[in-house]
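Enquirer:
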Amino acid sequence: MSWVKNFFIYLSENQTLNKGAQRWGLKLGAQSVVAGTNIDEMIESIKKLNAHGISCTIDNLGEFVFEKEEAVEAKGKIIKVIEAIHEHQIDAHISLKPTQLGLDIDYDFCLANLTEIMEKAKSYDIFVNMDMEDYDHLQTSFDLLDELAKTYDNIGTVIQAYFFNSVDNIQKYKDFRLRLVKGAYKESETVAFQDKKDIDKNFLKLIEYHLLSGKFTSIATHDHHIINHVKKFVKENNIPNDKFEFQMLYGFRKDMQIELAKEGYNFCTYVPFGEDWYGYFMRRLAERPQNLNLVAKQVFNK
Ligand code: FAD
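Residues 1 to 302 (the UniProt record's numbering) make up the sequence shown, in order.
1. Looking only at its chain, what residues have a beta carbon closer than 6 angstroms to the beta carbon of residue 93, apart from the 5 residues adjacent to it on each side?
2. Whose C-beta lies closer than 8 angstroms to the C-beta of residue 65 among residues of the same chain, with five residues either side of it excluded?
3. Cβ of residue 257 within 6 angstroms of any heavy atom in the ligand FAD?
4. Residue 127 by DSSP, collapsed to three states: which one?
5. What's the call for residue 82, buried or exposed, on a 16-neighbour Cβ count within 10 Å?
6. Using DSSP's beta-bridge definition, name the partner residues of residue 110.
7. Please give the ranges of any alpha helix (DSSP H) in the stretch 187-266, keeping only runs that are unbroken, at least 4 residues long and fully inside the region.
8. Assuming residue 61 is part of the alpha helix (DSSP H), what are its boundary residues?
9. What's the C-alpha gap between residue 193 and residue 199?
10. Is residue 36 close to the ligand FAD? I mean its beta-carbon at under 6 angstroms from any heavy atom of the ligand.
11. Excluding the five sequence neighbours on either side, which residues of its own chain have a C-beta within less than 6 angstroms of the C-beta of residue 220, listed in chain order?
12. Check whether the stretch 204-221 and the stretch 276-283 touch, using three or more Cβ-Cβ pairs below 8 angstroms as the test.
13. Going by C-alpha to C-alpha distance, which of 206, 85, 159 and 96 sits closest to residue 124?
14. Once the 5 residues before and after residue 230 are set aside, which same chain residues still bring their CB inside 7 angstroms of it?
15. If contact is defined by three or more beta carbon pairs under 8 angstroms, each pair taking one atom from either stretch, is the stretch 150-163 in contact with the stretch 116-123?
16. Distance, Cα to Cα, residue 36 vs residue 157?
17. Tell me whether residue 223, by its Cβ, gets closer than 6 angstroms to a heavy atom of the ligand FAD.
18. For residue 171, which of helix, strand or coil comes out of DSSP?
19. Three-state secondary structure (DSSP) at residue 103?
In structure tokens form, the structure reads like this:
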């Protein structure tokens, strides 16, 4: 992992900068990859994507919350988003992070927050995806999923291909609707592949396994090599288009997003919005330092 990647991951985890950034508004080019700071702006962005036949998954930005009031506020906001999806009849579902809802404060408190969200989403038949965060939260997040899945069938999660235990987990959760990703956090070599080639190889293995299992698979990547491989694999294995979708992040490879939807593939854009954009944005810079172009454009266009 290069020093640039490490540097941006360090910045993404810096609590002081995280808090400070909320006062700056959407700066540093973040508005190119964050769909506004409030629900109205986010809904307008989604209507434009829906017009291209693209569905969306909405992330109310925020993570690593350590105060109960903040977690309760986040829960209230996600419930408002669910109500907005219903009211505006947009093609969208929810993505959420357990640490935003209090996983670092108290497990039962987090479970209670999640249960309220699941109840509201279920009442409108809206799907909820539990995003996966770093390794320290992996097992407790799966525990939450196990608990919620006893009552709710509108929940799914993410399997991160860089983890050695991802193959075990995909087998355990093969009956769920799953989003498959490479993995975004800095993880120790004791638990995760570090080499891009190893991660890509495992990613393809997981994708093929879940596609063949017959359950709905979201292939979340901007990597055209992976996307081309999937196109070929589904054709060869007669996997119908309604059993999978491609996903990308808002603002990335926009032409390719529209093109894939036009080709007849289900496509879903991950739409982050809100004031807590800093950690999310720094992780995107860590993944792809070329994204610094976004920052440069902002600075020099002033
Ligand atoms: P990379 O390995 O970053 O890139 C591979 C190649 O693709 C590059 O070399 C380049 O040729 C091409 N490429 C990539 N990006 C671009 C671009 N913008 N423009 C042009 N070419 C490009 N991670 C988690 O840990 N937990 C989650 O819950 C999670 N959810 C996610 C949801 C979605 C919808 C997406 C898209 C990602 C999510 N991630 C999540 C992040 C994911 O784990 C990766 O960190 C991230 O997607 C970067 O990997 P990649 O597969 O896009 O390809």
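The C-beta atom is built at its ideal place from N, Cα and C for all residues, glycine as well.
A quick note: this is a predicted structure, and the numbers were derived from the prediction, not measured.
Expert: Concretely, from the data shown:
1. Once the five neighbours on either side are set aside, the close Cβ partners of residue 93 are 57, 126 and 127.
2. So the list reads 71, 74, 99, 100, 101, 102, 104 and 105, once near-sequence residues are dropped.
3. Using a cutoff of 6 angstroms, the CB of residue 257 does not count as near the ligand FAD, since none of the ligand's heavy atoms is closer than that.
4. Reduced to three states, the DSSP call for residue 127 is coil.
5. Buried: at least 16 other Cβ atoms inside 10 Å.
6. Residue 110 pairs with nothing; no bridge assigned.
7. Taken in chain order, the complete alpha helix (DSSP H) segments of 4 or more residues contained in the stretch 187-266 are 196-213, 224-236 and 254-262.
8. That residue, residue 61, is in no alpha helix (DSSP H); it is neither H nor E in DSSP.
9. Our two residues, residue 193 and residue 199, have alpha carbons roughly 6 angstroms apart in a direct line.
10. Not under cutoff, so the answer is no.
11. Short of 6 angstroms from the beta carbon of residue 220, and not among the five residues preceding or following it, lie these beta carbons of its own chain, in chain order: 179, 181 and 247.
12. Not touching, per the Cβ criterion.
13. The option with the nearest alpha carbon to residue 124 is 85.
14. Within the same chain, residue 230 has close Cβ partners 207 and 219.
15. Put simply, the stretch 116-123 touches the stretch 150-163. At least three CB pairs are less than 8 angstroms apart.
16. Taking the straight line joining both Cα atoms gives about 25 angstroms.
17. Residue 223 Cβ: within cutoff of the ligand FAD.
18. If DSSP states are grouped into helix, strand and coil, residue 171 belongs with the helices.
19. Reduced to three states, the DSSP call for residue 103 is coil.
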